[in-house]
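**Q**
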Amino acid sequence: MLDVVNPRAGETLVVSGAAGAVGSIVGQIGLIAGLRVVGIAGGPAKCRWLTEELGFHGAIDYKTEDVEAALRRLCPSGIDVYFDNVGGPISDAVFSRMNNHGRVSLCGLISGYNSQEPLAAPRNYAQILMKRLNVRGFIIIDYVGPRWSQAVQSLYGWVKAGKIKYAVDVEHGLENAPAVLNKLFDGSNTGKLLLQIS
Ligand SMILES: NC(=O)c1ccc[n+]([C@@H]2O[C@H](COP(=O)([O-])OP(=O)(O)OC[C@H]3O[C@@H](n4cnc5c(N)ncnc54)[C@H](OP(=O)(O)O)[C@@H]3O)[C@@H](O)[C@H]2O)c1
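Pasting the structure below:
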């Protein structure tokens, strides 16, 4: 979040998959960096958690709301930074609201993982050209090394100071692994999904 998209205080950040393990932490790091943060997640309970518990400025329930209209309402100055965990139609809506010279961290494409077809490119790919967007892939293993311990130290400090809250969803039993894995796809997890096997 801090390295890939270089956020500046006062900018607007949109996070997809916002109530998940990655998205919920990304959004709160955005708040610490002084950004206006809007999350996109599935269902009213997750959206309430984002705004009422984590302090996001806004949340969009993509399952019931018109995402483009909600982005116009919640991001009146456009979007400077997008942290993408899902891809697909949600990202199409976000791209059309990006500001010139906006930055995108592409972290995940979960909306397409179960597709039989190759993953679709953004429908409005031309936005990258017209708005001179900087879109960068992010894979966590690139940060194994010195940055890893710095991150753990920062995160530990933020959790201790009450600036970052996290949710953990613990399931039990190796025999339940297939059903538990599917929680990532039906959205029935909130926060980090773990399977305890002993
Ligand atoms: N690049 C990396 O190094 C890296 C590392 C870890 C994870 N990731 C990626 O980051 C993303 C989040 O991972 P996570 O571990 O934090 O999982 P997570 O967000 O805790 O769980 C996955 C969430 O994705 C949402 N989702 C599922 N299908 C969707 C769809 N069709 N459209 C929109 N949202 C959908 C569901 O939330 P809703 O209820 O909101 O739909 C679900 O709870 C994934 O794409 C994952 O592959 C990348």
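Residue numbers (the numbering used here): 1 to 198.
Glycine residues also receive a C-beta, built at the ideal position from the N, C-alpha and C atoms.
Since we're looking at a predicted model, the values are computed, not measured.
Thinking C-alpha only, which one of 187, 175, 185, 55 is nearest residue 195?
**A** Comparing Cα-Cα distances from residue 195 to each of 187, 175, 185, 55, the minimum goes to 175.
**Q** Determine the burial state of residue 64: buried for a count of at least 16 other Cβ atoms within 10 Å of its Cβ, exposed for fewer.
**A** By the neighbour-count rule (16 or more Cβ atoms within 10 Å), residue 64 is not buried but exposed.
**Q** Tell me the residue span of the beta strand (DSSP E) that contains residue 171.
**A** Residues 168-172.
**Q** Taking 7 Å as the threshold (C-beta atoms), are residue 26 and residue 83 in contact?
**A** In this structure, residue 26 lies closer than 7 Å to residue 83 by Cβ.
**Q** I'd like the span of the beta strand (DSSP E) that includes residue 106, first residue to last.
**A** Residues 98-106.
**Q** Once the 5 residues before and after residue 101 are set aside, which same chain residues still bring their CB inside 6 Å of it?
**A** Closer than 6 Å at the Cβ level, and outside the excluded window around residue 101, lie 132.
**Q** Can you check whether the CB of residue 13 is closer than 7 Å to the CB of residue 81?
**A** Yes, they are a contact pair.
**Q** For a test of the three-state rule: what should DSSP assign to residue 56, helix, strand or coil?
**A** Of the three classes helix, strand and coil, the one that applies to residue 56 here is coil, per DSSP.
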